[in-house]
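FYI, the numbering for the sequence shown is 2 to 58, going by this note's numbering. Don't be surprised by glycine CBs; every beta carbon is placed ideally from N, CA and C. Only a predicted model underlies this, so the values are computations on that prediction, with no experimental measurement involved.
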Amino acid sequence: MPWFVASTGDPLKPCHDIAGTVAEIAARLGPLTEPADTKCRRRRVAKVIRKVARKER
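Here it is as structure tokens:
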């Protein structure tokens, strides 16, 4: 049975278990993507604040 394999060579899940593989990858990458998500959220909020401030002028 073929398996999805991580870049480190670790087996993740069998190829027929796509949902399980996605969950496994998300669990592994979650801590790495959190700072980027936070930064992106801050940028979006700042953009909205600037837009509102321009309308109030």
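{"query": "Among A47, V46, V6 and L30, whose alpha-carbon lies nearest the alpha-carbon of I19?", "result": "V6"}
{"query": "Which class does P32 belong to by DSSP, given the choice of helix, strand or coil?", "result": "helix"}
{"query": "If I measure Cβ to Cβ from E25 and keep anything under 7 Å in the same chain, skipping five residues before and after, which residues do I get?", "result": "L13 and K14"}
{"query": "Would you give the residue range spanned by the beta strand (DSSP E) that P3 belongs to?", "result": "Taken as a continuous stretch (DSSP letters only), P3 belongs to no beta strand (DSSP E), as it is neither H nor E."}
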